[in-house]
Amino acid sequence: MSGGGTGGPGGVTRGDGQEERRRQLRDLVAARGFVRTSALAEEFGVSVMTVHRDLDALQAQGWLRKVRGGASCQPSTQFHGSVGERMTTMTRTKQRLARAAAELLAPGRVVMIDDSTTCLGLTAQMAGRTPLTVITNALPVVSALSREPGISLIALGGTYFPAYDAFMGLHAAQSAQAYRADVLFMSTTAVTGGRCYHMSPETVQVKQAMMASASRRVLLVDHTKFANQGLYALAPLTDFDLVLVDDAAPASEVRRLREQGVEVRVVPAR
4 MSGGGTGGPG
14 GVTRGDGQEE
24 RRRQLRDLVA
34 ARGFVRTSAL
44 AEEFGVSVMT
54 VHRDLDALQA
64 QGWLRKVRGG
74 ASCQPSTQFH
84 GSVGERMTTM
94 TRTKQRLARA
104 AAELLAPGRV
114 VMIDDSTTCL
124 GLTAQMAGRT
134 PLTVITNALP
144 VVSALSREPG
154 ISLIALGGTY
164 FPAYDAFMGL
174 HAAQSAQAYR
184 ADVLFMSTTA
194 VTGGRCYHMS
204 PETVQVKQAM
214 MASASRRVLL
224 VDHTKFANQG
234 LYALAPLTDF
244 DLVLVDDAAP
254 ASEVRRLREQ
264 GVEVRVVPAR
């Protein structure tokens with residue numbers, strides 16, 4: 004670590020811009036897994052208060068999680084990693100859920116897809132079900148479908164969040180409100196007490212707008228979501244027309260949801 008507070012990783016100095024400092028801070032936490040706030044202040048030659056502001060901003064964007072004494076990028080029940088990390092977890096289960104969701108697609112439909120890595124798998128299932136109009140805020144969905152024949156693609160604008168590889172916030176939510184979809188496919192960070200939760204208010208803002216713009220709402224959740232935690236409430240599961248879960252989901256949770264009037268479909272292993 005730099006001793007005089009004028010240097011830092013990659014030659015960071017006091018005169019470097021805020022965004023560059025935050026980018027290098029983010030990379031440092033990612034490389035080490037956990038870094039103390041005091042060490043970050045020394046490395047970057049800034050005050051501890053400045054580091055706290057930087058960490059608050061990076062946590063809101065989904066890059067890391069503030070913990071007691073520092074910051075961590077290690078996945079946990081309260082932090083689920085960037086989109087790159089989430090793409091590599093529960094891959095086969097997510098594919099199964101996406102295949103089950105694709106059975107609900109029909110030619111001529113207007114389909115809305117959120118930024119979840121679970122629903123990204125739907126893009127591989129659309130070729131035989133065109134023509135379709137697809138509305139999304141997720142850049143990977145746009146990339147996957149941009150050259151797909153028979154797909155009319157509408158991308159929702161807004162503030163780009165690199166950690167989610169998606170457009171979030173007020174403008175993305177307002178964009179979603181300008182359309183009407185036949186069906187929405189989405190996932191969630193956590194399911195607790197029959198309610199969906201997320202760690203980002205900007206994510207909640209967009210997903211709630213999508214829900215309000217869809218005639219039918221389908222939620223895809225793998226069993227790990229029942230053990231996760233989230234800070235911001237999105238919606239009760241009773242707001243969805245159908246919830247798709249894999250067969251490793253806790254039987255007690257599935258039973259409780261059905262007792263609450265939620266239509267739950269358990270997707271078996273194939």
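Under this note's numbering, the first residue of the sequence shown carries the number 4, and numbering increases by one thereafter. Note that CB positions come from ideal geometry on N, CA and C, so glycine has one too. Predicted model, so just to flag it, every value in this text is computed and none were measured.
Check: Three-way DSSP call (helix, strand, coil) for methionine 213 in this model; Outcome: helix
Check: Residues near leucine 142 by beta carbon distance below 7 Å, same chain, minus five either side; Outcome: Asp168 and Ala169
Check: Minimum C-alpha distance to aspartate 249 - residue among Val269, Arg259, Ala217 and Glu262; Outcome: Val269
Check: Pairwise C-alpha distance: lysine 69 and aspartate 59; Outcome: 7 Å
Check: Selection from Arg258, Leu125 and Pro239 that minimises the alpha carbon distance to alanine 144; Outcome: A small correction: the amino acid at residue 144 is valine; alanine does not occupy that position in the sequence shown. Among Arg258, Leu125 and Pro239, the Cα nearest to that of valine 144 is on Leu125.
Check: Opening and closing residue of the alpha helix (DSSP H) in which lysine 97 lies; Outcome: 94 to 105
Check: Opening and closing residue of the alpha helix (DSSP H) in which leucine 142 lies; Outcome: 142 to 148
Check: Buried or exposed by the 16-neighbour rule on C-beta atoms within 10 Å, applied to alanine 34; Outcome: exposed
Check: Beta carbon of isoleucine 138 nearer than 8 Å to that of methionine 171; Outcome: no
Check: Under the three-state DSSP convention, the category serine 119 falls into; Outcome: coil
Check: Selected residue, minimal CA-CA separation from asparagine 140, among Gln263, Gln208 and His201; Outcome: Gln208
Check: CA nearest to the CA of alanine 130, picked from Val113, Ile154 and Ser146; Outcome: Ile154
Check: Given leucine 67 as reference, the closest of Arg25, Val51 and Glu45 once Cα atoms are compared; Outcome: Arg25
Check: Bridge partners - valine 269, DSSP secondary structure assignment; Outcome: Val248
Check: Proximity of leucine 247 and arginine 198 at Cβ, strictly below 8 Å; Outcome: no
Check: As assigned by DSSP and simplified to three states, the class of aspartate 185; Outcome: strand
Check: Three-state secondary structure (DSSP) of phenylalanine 82; Outcome: Here the model assigns phenylalanine 82 a pLDDT of 48, short of 50, so the residue's position is not dependable, and the following value carries that caveat. Looking at phenylalanine 82 - three-state DSSP - the assignment turns out to be coil, as it is neither helix nor strand.
Check: Short Cβ contact (8 Å threshold) for serine 190 with aspartate 117; Outcome: yes
Check: CB contact flag (leucine 237, tyrosine 182, <8 Å); Outcome: no
Check: Given aspartate 225 as reference, the closest of Tyr235, Ala254 and Gln211 once Cα atoms are compared; Outcome: Ala254
Check: Cβ pair glutamine 177, alanine 215 closer than 8 Å; Outcome: no
Check: Contacting residues, own chain, Cβ-Cβ under 6 Å from glutamate 151 (five flanking each side not counted); Outcome: none
Check: Simplified DSSP assignment, three categories, for arginine 71; Outcome: coil
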